[in-house]
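Each position in the sequence shown, counted from 1, maps to that position plus 874 in this note's numbering.
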Amino acid sequence: GKERTLGMIKPDGVSGNYTEEIKRIIVDSGFSIVNERLTQLDKETASAFYEEHSSRSFFPDLVSYMTSGPVLAMVLEKRDAVSDWRGLIGPTDAQKAKISHPHSIRALCGKDSQRNCVHGSDSISSAEREIKFFFEDVVSDDIASQH
Ligand code: CMP
């Protein structure tokens, strides 16, 4: 049956004006965008989202990057959404993606292992947690509703 995952366009993707192109790729690849939210993460929410990486050396830089501008969180639905979205975005390191997965989204708009333009849940349980994070619990400052 159908499955849902959390897709996110990170600050470099939003500020680089890749949103429309990425959404076209998403829809052309058979996903439905069932919900979306443009929001500015603060240090607390970005740290909570990436809690599992909190002991890594790159964590402070990751939080700075993720709070540098708005992100677009999307609930993506299709059969095998979790693994298919991970396949579509390509490897974490965008430099490697450009060589090994030239048609991936990270090859299109990512820069390196940190500034990789998009995020995807890595498992069904992560997807449930991350969808709740953006659409039920933590993130409530919806930019679109602030105008
Ligand atoms: P993402 O798929 O959102 O999950 C964790 C994020 O941490 C990852 O994308 C990158 O933005 C960042 N990240 C992972 N590995 C590294 C690394 N080796 N150096 C810097 N940033 C990283």
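Ideal Cβ placement from N, Cα and C applies to all residues, glycine included. Owing to the predicted nature of the structure, the values given are computational and were not obtained by experimental measurement.
| Query | Result |
| --- | --- |
| Chain-order list of residues whose beta-carbon lies under 6 Å from that of E951 (same chain, five-residue window excluded) | K876, R878, S906, V908 |
| Strand pairing of T879, partner residues [DSSP] | L950 |
| Meets three-Cβ-pair contact criterion under 8 Å: the region 908-922 and the region 972-979 | no |
| Buried versus exposed, by CB contacts within 10 Å (16 or more), S997 | exposed |
| Assigned secondary structure, E1010 (DSSP; H/G/I helix, E/B strand, else coil) | coil |
| For N990 and R980, believed in contact at Cβ under 8 Å, the rounded distance | 5 Å |
| Opposing strand residues paired with R911 [DSSP bridges] | A947 |
| Distance, R930 Cα to K1006 Cα | 24 Å |
| Environment of V901 [buried if 16+ CB atoms lie within 10 Å] | exposed |
| H993: CB within 7 Å of a non-hydrogen atom of the ligand CMP | yes |
| F932 classed as buried or exposed, judged by whether at least 16 other C-beta atoms fall within 10 angstroms | exposed |
| C-alpha distance - A968 paired with P976, whole-angstrom precision | 10 Å |
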